[in-house]
Amino acid sequence: MKFTFYGHACFSIEVNHTTLLFDPFISGNELAKDIQLEEIKADYILLSHAHADHILDCEAIALRTGAKVICAWEIHEWLNTKGVTNTHPMNTGGKWTFDEFTVKCVVAQHSSSLPDGSYGGNPMGFIIYANKESFYYSGDTALTLDMQLISRWANLKFAILPIGDNFTMGIDDAIMAAEFVDAKKVIGVHYDTFGYIKIDSNLAIDSFKEHDIELILPSIGESIEL
Ligand code: NI
Ligand code: MN
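Residue numbers (our numbering): 31 to 256.
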């Protein structure tokens with residue numbers, strides 16, 4: 031699986047020649063100013079929740095690419111009013127198999143309101159299954175005991191977790207989350223973008239290493255094979 035980082039909590043994963051783009055927030059991220067929004071590929075766009083720092087560029091990318099947007103029911107309805115009609119509504123606990131992969135929506139402990147203040151439904155994390163492999167993206171969340179269920183549902187190749195603290199898990203809780211879901215390889219997201227979530231990257235990598243977990247912090251625009 032090829033992972034590409036677009037800054038904050040936005041990344042894409044290529045599986046079966048299909049590009050899954052998660053939580054598109056690029057045009058509002060000063061750190062991602064070198065990323066060309068027009069060049070971002072997507073066959074599917076997955077939204078963990080409705081906050082602007084996860085959906086800001088969804089409408090533009092969905093309309094340009096025709097990608098199918100997978101999201102909570104409430105975000106699906108909101109997107110439909112914006113003319114984004116290729117959507118697939120889901121909710122926590124639900125699983126659906128698309129042509130190239132399967133998605134399971136799992137609990138995230140966070141909040142979710144749309145940019146205009148309307149209700150965004152439940153925030154979610156995702157387990158993605160493809161080619162007998164799987165990974166977990168927690169979305170914005172606190173550490174929860176529910177994460178202990180993840181390893182019953184999937185034998186993860188890697189997990190993508192927020193590490194920036196303040197709005198989500200910080201480094202120490204993300205390490206516990208990695209242990210709960212049984213992931214030995216973690217990609218850290220949702221850090222450094224704003225003043226509230228600046229972290230010491232070396233300290234983060236070393237802290238994970240002390241628990242025998244590899245923390246990967248790709249540069250914005252970098253692709254890695256996982
Ligand atoms: Ni959020
Ligand atoms: Mn966020």
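We put the beta carbon where it would ideally sit given N, CA and C, even for glycine.
* **Nearest-angstrom beta carbon gap, M177 and F210 [assumed within contact, 8 Å]** => About 4 Å separates the two Cβ atoms, so the contact holds.
* Taking the C-alpha atoms as reference points, what is the distance between S78 and V219? -> Each residue's alpha carbon lies about 13 Å from the other.
* May I ask whether a heavy atom of ligand 1 can be found less than 6 Å away from the beta carbon of D222? => Relative to ligand 1, even the nearest heavy atom lies 6 Å or more away from the CB of D222.
* To do: Could you tell me the distance, in whole angstroms, from the CA atom of Y149 to the CA atom of T111?
  => So the two alpha carbons sit approximately 14 Å from each other.
* **4 or more residues per run - each alpha helix (DSSP H) lying fully within the stretch 195-236** => For the stretch 195-236, whole alpha helix (DSSP H) runs of length 4 or above, ordered along the chain, are 201-211.
* Straight-line gap, I56 to I43 (C-alpha atoms, nearest Å) -> 16 Å
* To do: Answer with buried or exposed for I254, where buried requires no fewer than 16 other C-beta atoms within 10 angstroms of its C-beta.
  => Result: exposed.
* **Own chain, CB closer than 6 Å to E104, minus 5 neighbours either side, in chain order** => The beta carbon of E104 sits closer than 6 Å to those of Y149, G150, G151, all from its chain and outside the five residues before and after it, given in chain order.
* Span separating the alpha-carbon of A102 from that of M199 -> Going by the C-alpha atoms only, they are around 22 Å apart.
* Asked: Who are the near neighbours of I217 in its chain, counting only those whose CB is closer than 6 Å to its CB and skipping five residues on each side?
  -> I190, I246
* Near ligand 1: H38 beta-carbon under 6 Å from a heavy atom -> no
* Across which residues does DSSP place E44 in a beta bridge pair? -> According to DSSP, E44 bridges with K32, T49.
* **N-terminal and C-terminal residue of the alpha helix (DSSP H) that A82 is part of** => Unbroken alpha helix (DSSP H) run through A82: 82-85.
* Asked: Which one of F224, W108, L256 has the shortest CA to CA distance from A39?
  -> F224
* Minimum Cβ-Cβ distance from A234 to chain D less than 7 Å -> Looking at the structure shown, chain D is missing, and only one protein chain is on hand.
* Asked: Which residue from D146, I100, T115 puts its Cα closest to that of G127?
  -> Going by the sequence as given, residue 127 is Thr instead of Gly. Of the listed residues, the one whose Cα sits closest to T127 is I100.
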